[in-house]
Each structure stands twice: as structure tokens, then as C-alpha cells.
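**Student:** Take a look at the following structure, please.
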């Protein structure tokens, strides 16, 4: 079954495309995770962003940001993955937490800081989307199985028509990456590729883009 | 480091153990899914509930319930899996929506009705847990990758310490079941067996075998 997606009432949500996840000197690389598999999302995300600008689809960038002393880290930081604290993952004000320079954010974009996997939990995202009459969300970024999937589950449950872009997401583990897409497609979202999104938005990019 | 817990400030959450998912004649069987794989969670859930009663650990049940005309179905029911509506899955007041007789809630147990995968979204669960001063949640039920996992993601983000019982959950696909446990163990929970729960609660195995 095909689920239609136009550019009307649509937003692009770009999840956590930050130095900490995408750069070889970032905190995920320091933890020994395959950061290249996250960086692999970058070309697809850049094409989606370029397409969104052409189609005048608003762009929301989420950033994973912790307090320098991790007092907002909670169970995930203190008990499940304490090594994130050791490498100072995405600490506020640091290079690690900045959105990667390839992403070319613009002042008119909205940036949503979060300190949990879901971009909806304890953030202002939902109010921005409702205020702008957004009904459809296209989600891309990293990591597929954790912050992208948690955000997609939340968007779908809140009755945003939710679309995930398989060639603009990245995960450090291939099996988790592939199965995450399957789980999202099963009950939460339609999974499509960058070209399909651009077609739905009615935009064409030059080859250079 | 292993995340530990005991009886104190702990609740058992039994997710969606309803006729629909676990019984022949239930709507999941009507949809052609192997309900036996979900019913496989039943013995483990029964043992956990028995142990919780002995340990004085409160038991909380969740129940997936839709309005009979599915006006609360939204994106998931209307666009992703319309078959749920066609078969009348978990319609309010139906046998399909009832919790299994073998796991029937007692008069003092909290039963949380929900119409989305997460037991936290638009329900009373969080206020019930806050009022009871619960910090640790032990999860069993169905389905591992959908309602259990969505609820565990939400619980962990809210800083409940989450424990998922691998031999008291059920899923219809093997790969999604495997990745669900892997994902929860990666960043949202400690995955453990029912016997380990009994040990933590200091309930002799002979009492729950």
C-alpha cells in the first residue's frame, strides 16, 4: 500500500548529525563504535536537506546534548552506558555536540536539543510541529535503531504521518540497522529512499547536489 | 557493571497479555500471525505474577483497547496496518480485548488501558508509578519488538530502571525478537531471565515453578 507524502504540511527532521557521531575524532569513535557507518548517512541527509530547501519544507535539526557534569544523564548514562560520560559524549558547548559542518544549517531552521533518544520527550519539538500545522514528518539521521527509531515511534503514536529514509540513516551494527527499518515499517512508518522523497516533494537536484 | 534491583520500589508490568494476541480465535490469529509465539510468553508471565505476589511487588497490567469504530486508531490503524481495523482488534468491551483468564488482574492491581504501543503515551501509567514511588520496572508480555519495546524505551527515558524478562516475552518474527532484546539491552534496559528475577526478589523457585 502506498502512503502519499506531499510537501504540504510536511517537515524534515534530521536526527543527531553531530561531530560526536559522524567524525573519526568524535566520542562514538573514541568508544570504538563504527562511526563510518554513521557518517554514511551524510550524503543522503545532505540531498534531503537540499531538497527540503527547494520545496520550502521546514527543517528541524535535533542535537543530543548533555550537561558538562552529566547531571541530566539519568539511568542511561549512570547505569547502562557509563562510558559515554568518560568520553564526554555531546557535552553542551563542545565541538562534539555541534552539528557536523557538512550539514549546512541555516538560521531559519529550528534546532531542538534533547538529552534522551526521543526527540519528543521533554523537548519543544511537538509544539513547533503543531504550531506550524505539520502533519507529515520525514525522519533521517543517526542512529537508525536508537534515536531515529525512538523518535519515529513517538511521532507515529502522536499521529504524525511518519516517513523514514533508508538511505539517509546510519547504524553502527548492520543487523540492528536493517531490523530497525523492518520494525519501523511494520507498525510505525513508511520506509522510502531519498529519490522517492524528492519525487513526492516535486523537486529535482542537480547532479552536484 | 550490572544493574541490580530487589523488591523495594519495584513493580512488575505485564504488557498486553490479552485474548487477541495469545488465544486461538483472537484477532492476531485471524490476521494470519502465529499467535502461539505470543502465547509462549504466558507461562513465564504466570510465574512472574505468582512471584510478585509472594514478594509483595505490585503488578501493573497494560491492555490494548480501541474504540469499537476505531476513531482513536489514527495513523497506525488507518494507514500502516488497516487490517487491524478490518478484524476489530482489541475493540472495547470485546472478548478479544480481555486480559487472559490465567493472568486475570486482582481487584487492587492497576490496569492501564492504552491505544498506542507505548503504555506511557496518553495513559495514567506515569502518574500511577510516581504515586507509588516506583523506580524499577520488570517487564513481561507481548509483543517484544512492539508494545514491550516501545514502553521500555519510554520508561528508560523517564529514568525508570528497566528489566526485561527474556523468557516471558513473545514476538512473531525471530529477527525482530532478537534485535528487540539486543536493542533494549544496548541502551534501555537490563535483559535477564525469570529465574534471575526470582533470585533478586528472594522468592524460592519451588514456589513459582
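Chains as they are written, first to last, in this note's numbering: chain A, 1 to 209; chain B, 1001 to 1209. For each residue, glycine too, the CB sits at the ideal point set by N, CA and C.
Cβ of residue 48(A) within 8 Å of Cβ of residue 147(A)?
**Tutor:** In the first chain, residue 48(A) corresponds to position 48, counting from 1. In the first chain, residue 147(A) corresponds to position 147, counting from 1. For residue 48(A) and residue 147(A), no; Cβs fall outside 8 Å.
**Student:** Residue 176(A): which of 4(A), 143(A), 167(A) sits nearest, CA to CA?
**Tutor:** Walking along the first chain from the start, residue 176(A) turns up at place 176. Residue 176(A) has its Cα closest to that of 143(A), out of 4(A), 143(A), 167(A).
**Student:** Could you tell me whether the Cβ of residue 159(A) comes closer than 8 Å to any Cβ of chain B?
**Tutor:** Here residue 159(A) refers to the residue found at position 159 of the first chain. Yes, residue 159(A) counts as interfacial toward chain B.
**Student:** My output table needs one value for residue 192(A): the three-state DSSP class, helix, strand or coil.
**Tutor:** Translated into the one-based positions of the first chain, residue 192(A) becomes position 192. In this structure, residue 192(A) counts as strand in the three-state DSSP scheme.
**Student:** With a Cβ-Cβ cutoff of 8 Å, do residue 1063(B) and residue 1110(B) count as a contact?
**Tutor:** Numbered from 1 along the second chain, position 63 holds the residue referred to as residue 1063(B). Numbered from 1 along the second chain, position 110 holds the residue referred to as residue 1110(B). Taking 8 Å as the Cβ cut-off, residue 1063(B) and residue 1110(B) do not qualify as a contacting pair.
**Student:** As a quick exercise: from 1167(B), 1068(B), 1026(B), 1126(B), pick the residue whose alpha carbon is nearest that of residue 1196(B).
**Tutor:** Residue 1196(B) sits at position 196 when you count from the first residue of the second chain. The candidate whose alpha carbon is nearest that of residue 1196(B) is 1167(B).
**Student:** Alpha carbon to alpha carbon, how far is residue 34(A) from residue 1105(B)?
**Tutor:** The sequence position of residue 34(A) within the first chain is 34, counting from 1. The sequence position of residue 1105(B) within the second chain is 105, counting from 1. Between residue 34(A) and residue 1105(B), the C-alpha separation is close to 46 Å.
**Student:** Below 8 Å on the Cβ atoms is my guess for residue 1117(B) versus residue 158(A); work out the distance and round it to an integer in Å.
**Tutor:** Here residue 1117(B) is taken as the residue at index 117 of the second chain, counted from 1. Here residue 158(A) is taken as the residue at index 158 of the first chain, counted from 1. Between residue 158(A) and residue 1117(B) the Cβ distance is about 12 Å, and since that is not below 8 Å, they are no contact.
**Student:** From what residue to what residue does the alpha helix (DSSP H) around residue 35(A) run?
**Tutor:** As a first step, residue 35(A) must be located in the first chain, where it is residue number 35. 35-39 is the extent of the alpha helix (DSSP H) around residue 35(A).
**Student:** Do you know offhand how far residue 18(A)'s Cα is from residue 193(A)'s?
**Tutor:** Position 18 of the first chain holds residue 18(A). Position 193 of the first chain holds residue 193(A). Looking at the two C-alpha atoms, the distance is approximately 22 Å.
**Student:** Check the Cβ-Cβ distances between residue 1008(B) and every residue of chain A, and say whether any is below 8 Å.
**Tutor:** Indexing the second chain from 1 puts residue 1008(B) at position 8. It does not; no Cβ of chain A falls within 8 Å.
**Student:** Does the structure place the region 97-106 of chain A close enough to the region 116-125 of chain A that three or more beta carbon pairs sit under 8 Å?
**Tutor:** Flag = no, the region 116-125 of chain A and the region 97-106 of chain A do not touch.
**Student:** Which runs of the alpha helix (DSSP H), 4 residues or longer, sit entirely within the region 1153-1198 of chain B?
**Tutor:** For the region 1153-1198 of chain B, whole alpha helix (DSSP H) runs of length 4 or above, ordered along the chain, are 1174-1187.
**Student:** Go ahead and pull the three-state DSSP assignment for residue 1055(B).
**Tutor:** Counted from its first residue, the second chain places residue 1055(B) at position 55. Helix, per DSSP.
**Student:** Using 10 angstroms around the beta-carbon of residue 208(A), count the other beta-carbons present and answer buried if the total reaches 16, otherwise exposed.
**Tutor:** Here residue 208(A) refers to the residue found at position 208 when the first chain is read from its first residue. Here residue 208(A) scores only 48 on pLDDT, less than 50, and its place in the model should not be relied on; the value that follows carries that caveat. Result: exposed.
**Student:** Taking only beta-carbon positions, decide if residue 208(A) is within less than 8 Å of chain B.
**Tutor:** Here residue 208(A) is taken as the residue at index 208 of the first chain, counted from 1. The predicted position of residue 208(A) is uncertain, since its pLDDT is 48 and thus under 50; a value taken from the coordinates is nonetheless stated next. Judged by the 8 Å Cβ criterion, residue 208(A) is not in contact with chain B.
**Student:** Could you work out which residue in 1028(B), 1122(B), 1169(B) is closest to residue 1072(B) when comparing CA atoms only?
**Tutor:** Locating residue 1072(B) in the second chain gives position 72, where the first residue counts as 1. Among 1028(B), 1122(B), 1169(B), the Cα nearest to that of residue 1072(B) belongs to 1122(B).
**Student:** Identify whether residue 3(A) lies in helix, strand or coil by the three-state DSSP scheme.
**Tutor:** Position 3 of the first chain holds residue 3(A). The answer is coil: DSSP assigns residue 3(A) none of H, G, I, E or B.
**Student:** For the 8 Å Cβ check, are there 3 or more pairs between the region 199-206 of chain A and the region 1143-1163 of chain B?
**Tutor:** No contact exists between the region 199-206 of chain A and the region 1143-1163 of chain B.
**Student:** Cutting at 7 Å between CB atoms, please list the residues of its own chain near residue 184(A), excluding the five before and the five after it.
**Tutor:** What you label residue 184(A) is simply residue 184 of the first chain in a count that begins at 1. Contacts found: 149, 152, 164, 191.
**Student:** Would you kindly work out how many angstroms separate the C-alpha atoms of residue 131(A) and residue 1169(B), rounded to a whole number?
**Tutor:** One-based indexing of the first chain puts residue 131(A) at position 131. One-based indexing of the second chain puts residue 1169(B) at position 169. Going by the C-alpha atoms only, they are around 39 Å apart.
**Student:** Since residue 1044(B) and residue 1152(B) should fall inside the 8 Å C-beta cutoff, what is the C-beta to C-beta distance between them, to a whole number of angstroms?
**Tutor:** Reading the second chain from its first residue, position 44 is the one you call residue 1044(B). Reading the second chain from its first residue, position 152 is the one you call residue 1152(B). Their Cβ separation, rounded to whole angstroms, is 16 Å, which puts residue 1044(B) and residue 1152(B) out of contact at 8 Å.
**Student:** Bridge partners of residue 1113(B), per DSSP?
**Tutor:** The residue you call residue 1113(B) lines up with position 113 of the second chain. DSSP, once it has assigned bridges, lists 1063(B) as partnering residue 1113(B).
**Student:** Given a cut-off of 8 Å, decide if residue 1018(B) and residue 1125(B) are closer than it, judged by their beta-carbon atoms.
**Tutor:** Locating residue 1125(B) in the second chain gives position 125, counting from the first residue. Locating residue 1018(B) in the second chain gives position 18, counting from the first residue. Contact: no.
**Student:** Look at the alpha carbon of residue 1134(B) and the alpha carbon of residue 1011(B), and state the distance between them as a whole number of angstroms.
**Tutor:** In the second chain, residue 1134(B) corresponds to position 134, counting from 1. In the second chain, residue 1011(B) corresponds to position 11, counting from 1. Looking at the two C-alpha atoms, the distance is approximately 7 Å.
**Student:** Cβ closer than 9 Å: which chain C residues qualify as neighbours of residue 1175(B)?
**Tutor:** This model lacks chain C altogether, as its protein chains are A and B.
**Student:** Tell me where the alpha helix (DSSP H) around residue 21(A) begins and ends.
**Tutor:** Here residue 21(A) corresponds to residue number 21 of the first chain, with the count starting at 1. Note, residue 21(A): alpha helix (DSSP H), 19-22.
**Student:** In chain B, which residues lie with their C-beta within 9 Å of the C-beta of residue 156(A)?
**Tutor:** To locate residue 156(A), count along the first chain from 1; it is residue 156. By Cβ distance, chain B contributes 1074, 1075, 1076, 1080, 1116, 1117.
**Student:** Residues of chain A with CB under 9 Å from residue 1016(B), in chain order?
**Tutor:** As a position in the second chain, residue 1016(B) is number 16, starting the count at 1. Within chain A, no residue comes near residue 1016(B); the closest Cβ sits about 13 Å away, beyond 9 Å.
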